[in-house]
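Structure, as structure tokens:
In the working numbering, the protein residues as written are 14 to 134.
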């Protein structure tokens with residue numbers, strides 16, 4: 014293995030397609046047997062909670078951290094987190110996802126969580 018011992022992480026982002034009435038906050042999946050994957054997911058999730066508290070103090074953040082045995086999560090070598098960004102069929106989520114400023118904020122928050130994860134390795 015060329016990268017044995019190197020810091021490697023996989024971040025998968027996904028926009029769900031649920032019923033139109035289902036508005037969702039950003040939530041995170043990790044594998045229950047991966048300590049590093051769980052730590053990565055926790056660092057990004059905690060960053061989102063802090064940023065919501067700071068930038069949207071009047072809005073409750075209901076995103077969650079979930080241990081999941083999805084095939085990709087179980088069978089990927091580097092620690093990973095699967096991030097659900099929203100529901101494209103829901104008008105509020107669609108508006109949030111399609112707004113470039115919101116996408117930039119989401120990307121920056123993910124990056125901040127990744128840097129936190131790297132710094133705490």
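Every residue, glycine too, gets a C-beta built ideally from N, C-alpha and C. Because the structure is a prediction, the values reported are computed rather than measured.
Rounded C-beta distance between residue i and residue j? I'm assuming under 8 Å.
i	j	result
residue 119	residue 60	Actually they do not touch by this definition, with Cβ atoms about 11 Å apart.
residue 110	residue 98	6 Å
residue 78	residue 54	6 Å
residue 101	residue 47	Going by Cβ atoms, the distance from residue 101 to residue 47 rounds to 28 Å, so no, they are not a contact pair.
residue 103	residue 35	6 Å
Tell me residue i's beta-bridge partners as DSSP assigns them.
i	result
residue 23	93
residue 80	43
residue 29	100
For residue i, which residues from the same chain have a beta carbon less than 7 Å from its beta carbon, with the 5 sequence-adjacent residues on both sides left out?
i	result
residue 51	43
residue 38	74, 75 and 76
residue 122	60, 61 and 64
residue 105	36
residue 131	20
residue 33	102 and 103
Report all residues from its chain with a CB closer than 6 Å to the CB of residue i; omit the five preceding and five following residues, and keep chain order.
i	result
residue 14	Reliability of the predicted coordinates at residue 14 is poor, the pLDDT of 49 falling under 50, and the value obtained from them is presented with this limitation in mind. Cβ within range, chain order: n/a, list empty.
residue 126	56, 57 and 60
Leaving out five residues on either side along the sequence, give the residues of the same chain with a beta carbon under 8 Å from the beta carbon of residue i.
i	result
residue 133	52 and 56
residue 68	118
residue 112	none
residue 82	44 and 45
(request) State whether the region 39 to 56 contacts the region 85 to 96, with contact taken as three or more CB pairs (one from each stretch) at a distance under 8 Å. (result) yes
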